[in-house]
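Chains A and B are the protein sequences, given in the same order.
Okay, so the first sequence: first residue is 2 according to this note's numbering, each after it adds one.
Okay, so the second sequence: first residue is 755 according to this note's numbering, each after it adds one.
Note that CB positions come from ideal geometry on N, CA and C, so glycine has one too.
Fair warning: this is a prediction, and the values are worked out from it, not measured in the lab.
Just below is one structure, and these are the notes that go with it.
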Amino acid sequence: MVECPGRRVAPRQQFRGTALEESVDLHLDDHTEDGLTVVDVEGEIDVYTAPKLRELIIELVNKGNFHLVVNMERVEFLDSTGLGVLVGGLKRVRAHEGSLQLVCTQERILKIFRITGLTKVFPIHNSVEEAKEYAKQQK
Amino acid sequence: MSKDMATPAELSGVRDTVTVRLPATSAYLSVLRTATAGLAARLDFTLDEIEDLRIAVDEACAMLLTQAEPDVDLQCTFELHGDAMRVAVSVRTLDGSEPARGTFAWTVLNSLAGEVDAHASPDGLVTIELHKRREQTRSA
Chain A
2 MVECPGRRVA PRQQFRGTAL EESVDLHLDD HTEDGLTVVD VEGEIDVYTA
52 PKLRELIIEL VNKGNFHLVV NMERVEFLDS TGLGVLVGGL KRVRAHEGSL
102 QLVCTQERIL KIFRITGLTK VFPIHNSVEE AKEYAKQQK
Chain B
755 MSKDMATPAE LSGVRDTVTV RLPATSAYLS VLRTATAGLA ARLDFTLDEI
805 EDLRIAVDEA CAMLLTQAEP DVDLQCTFEL HGDAMRVAVS VRTLDGSEPA
855 RGTFAWTVLN SLAGEVDAHA SPDGLVTIEL HKRREQTRSA
């Protein structure tokens, strides 16, 4: 297994102009495991913070990372803006014959995917290990 | 608040209305979500209902922010009834049109909020209203 150093990306520098800019609650970290790029997301994904996740996914794809796993186990809030970012990411990786899987066991987050029918679009797993096994089976 | 406690409105016969006015910018949405959860908790909503309302209010505001005029405020009015909350979110917009209904945002809002309506006034003010009732059957 090849482990790459993770990066911690704080979005606050991208969102100047309000007194609340220091309170942005989204932290992103990415690393590579067994050929998959795992993006650990922590915090709230809403219309304010979602652009940062979009930027990271675009950056990863532009660097040739076409098999992504977005780990949402530490996501505290997700709205449709976040869904849009994930769907956009899926389109990008599919353009390179890649994949975008999700890790999520939180019922309140899964509910949003069910409402919008996206449980049929994204493979959603209980753990990163499960996502890795799934990826192996798809090869 | 326990089930047999009444809201201040029920005790006094006066409707409780809370208005929150924020800059119409996405940075403040988390503040509004927190306010929503706090008010819903006062009405003894379940945790799931509180979460639904939090997301619904967020979606309504996020939709309106895309059409808001620059440098205006977003106004959110919460009416607290005994077993329900009515939320009206409004902002002055550039085009005065109602939000599109075929979007993920509207799907989520419509699924979680109970009753939803949107309307636009001739002066460009667009409002989305939600009406969420507390579930009727509660375990003892």
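is_contact[residue i, chain B] using C-beta, thresh 8 angstroms
i	result
A/G89	no
A/L84	yes
A/E56	no
A/R109	yes
A/I125	no
A/T106	no
A/E77	no
Per-residue burial, residue i [other beta carbons within 10 Å of its own, 16 or more giving buried]
i	result
B/R787	buried
A/L66	Inspection of the sequence shows that residue 66 of chain A is occupied by Asn rather than by Leu. So A/N66 counts as buried.
A/Q107	exposed
A/E134	exposed
B/E813	buried
B/A781	buried
Interface partners of residue i on chain C, CB under 9 angstroms
i	result
A/Y135	In the structure shown, chain C cannot be found, because the protein chains are A and B.
Chain A contact for residue i (CB, 8 angstroms cutoff)
i	result
B/F799	no
B/V841	no
B/D825	no
B/V811	no
B/A816	yes
B/E805	yes
B/V880	no
B/V870	no
B/T861	yes
Beta-bridge pairing of residue i - partner residues as DSSP gives them
i	result
A/I125	A/L103
A/E34	A/L37
A/G44	A/L27, A/V76
B/D770	B/L834
Residue i Cβ short of 7 angstroms to the ligand ADP heavy atom set
i	result
B/K886	With respect to the ligand ADP, the structure offers nothing, as it holds no ligand at all.
Distance CB(residue i)-CB(residue j) smaller than 8 angstroms
i	j	result
A/V122	A/V39	no
Problem set entry | Complete runs of the alpha helix (DSSP H) confined to the region 816 to 855 of chain B [at least 4 residues] | none
For this session: Mind listing, in chain order, the continuous alpha helix (DSSP H) runs of no fewer than 4 residues lying wholly within the region 72 to 121 of chain A?
Result: 81 to 95, 108 to 116
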